[in-house]
Amino acid sequence: MEVKDFYYNLPPELIAQDPLEDRSSSRLLVMDIHTGQIRHRVFRDIVEYLKPGDCLVVNDTRVIPARLYGVKEGTGAKVEVLLLKRREGDVWEVLVKPGKKCRPGAVVTFGEGVLKGTVLEVAEDGNRLIRFSYEGIFEEILDQLGQMPLPPYITHPLKDKNRYQTIYAQNDGSAAAPTAGLHFTEGLLNQIRGMGVEVAHVTLHVGLGTFRPVKVDNVQDHHMHSEFYQVEEGEAKKINQAKAAGGRVICVGTTSCRTLESAAGQDGVLKAGCGWTDIFIYPGYQFKMLDCLITNFHLPESTLVMLVSALAGREQVLHAYEEAIREKYRFFSFGDACFFVS
8 MEVKDFYYNL PPELIAQDPL EDRSSSRLLV MDIHTGQIRH RVFRDIVEYL
58 KPGDCLVVND TRVIPARLYG VKEGTGAKVE VLLLKRREGD VWEVLVKPGK
108 KCRPGAVVTF GEGVLKGTVL EVAEDGNRLI RFSYEGIFEE ILDQLGQMPL
158 PPYITHPLKD KNRYQTIYAQ NDGSAAAPTA GLHFTEGLLN QIRGMGVEVA
208 HVTLHVGLGT FRPVKVDNVQ DHHMHSEFYQ VEEGEAKKIN QAKAAGGRVI
258 CVGTTSCRTL ESAAGQDGVL KAGCGWTDIF IYPGYQFKML DCLITNFHLP
308 ESTLVMLVSA LAGREQVLHA YEEAIREKYR FFSFGDACFF VS
């Protein structure tokens, strides 16, 4: 299986640059994964495809304003730092531009000294480990100094940074939003709960590896970045009960899917707990928990297109994407959604 098998040609003008004012008014492409039948709807119509007893699983991670602009002490050189993941305490793994200016021992100052970062070491992949020093609460300083780390294909400035958060975001830690969840409003979620559909929360802190291109020819040679996940006891119980009673487990986004598939045992029972996952899902994978998937349209040749293809079949997924391009759907993070339903 080659990476080029997951290529499709996307006209650049279909890449959504701005979020819609009304989250739930995005378009929704619904595909039956058994028959391949496609319907074109609006996102709020998703209620017509949900049933009492189903369990909707959302990722409640919150994007942190992870992009910081500073200067190197001693030279005044400008440095951009992107927080990737907290290693321990005030030590973070970060991406630095330009990297050559930040060797171990270098100190970068942000916000006229409100925050300082000392480079501890350079990792194998070129990322840095930085220890931050400050007075006060780190998250508050980050809110003051940091910017939202929008994906590289979005060139427009974001007017309201809350539009790059889901309405249920609560656990700080992501460098990118779990974008399938951006379509939900409080009203829509309340309507879904009122139908007898359980809504369960899991957490997976999305890393920037999500946007990194696959650089190998053979799919099996690709190694995924690792991301931290957590499944609380009560939420695992909700999901397991729905599954045991014959309800469908419907993941909102590939991150919720990867969390469940990482935390599930071979017996198909979801286990509460936390840890790091580098699970790579591509065609041939046998899902243990997932039945249906709500997701956005993903980049050509990306691991996310491969994940969706594992559920709905490569040819069907590429056919759905071709149909979406013909119908001028909006693609990627601020774009429209798909519902791969069984």
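To convert a position in the sequence shown, counted from 1, into the working numbering, add 7. The beta carbon of each residue, even a glycine, is placed where N, CA and C say it ideally should be.
C281: member of the beta strand (DSSP E) spanning 280–284, first to last residue. In this structure K250 is buried. Its beta-carbon is surrounded by 16 or more other beta-carbon atoms within 10 angstroms. Taking the C-beta atoms as reference points, T302 is found nearer than 8 Å to T261. When DSSP states are grouped into helix, strand and coil, N225 belongs to the strand group. Listed in chain order, the beta strand (DSSP E) elements of length 3 or more contained wholly in the stretch 182–269 are 205–211, 234–238, 256–259. Looking only at C109, Y76, L136, P59, the smallest Cα-Cα distance to K92 is reached by L136.
From the listed residues V204, E234, Q323, the smallest Cα separation to F13 is found for Q323.
The alpha-carbon of W283 is positioned some 26 Å away from that of M8. For the options T162, Q154, G60, the alpha carbon positioned closest to that of I22 is the one of T162.
Pairwise C-beta distances place the stretch 164–179 out of contact with the stretch 42–59, as fewer than three of them are shorter than 8 Å. For G241 and F235, the gap between their C-alpha atoms comes out near 19 Å. When the beta-carbon positions are compared, P158 and A182 stay at least 8 Å from each other. The beta carbon of S316 sits closer than 6 Å to those of P290, V324, all from its chain and outside the five residues before and after it, given in chain order. The closest CA to that of L89, considering only G120, V103, K295, is found on V103. If you keep only unbroken beta strand (DSSP E) runs of at least 3 residues inside the stretch 42–88, you get 45–49, 62–66, 68–70, 74–79. The alpha helix (DSSP H) runs of length 4 or more contained entirely in the stretch 146–172 do not exist; there are none. For I148, the closest alpha carbon among the candidates V129, D61, V121 is that of V121. Between the C-alpha atoms of P18 and E119 there is a straight-line separation of about 43 Å. By the CB criterion at 8 Å, R69 and A176 fall inside the cutoff. Using a Cβ distance threshold of 8 Å, K245 and C62 count as a contacting pair. Annotation for Y336: R34, D343 place their beta carbon closer than 6 Å to its own, counting only its chain and skipping 5 residues before and after. In terms of Cβ geometry, G153 and R74 form a close pair [threshold 8 Å].
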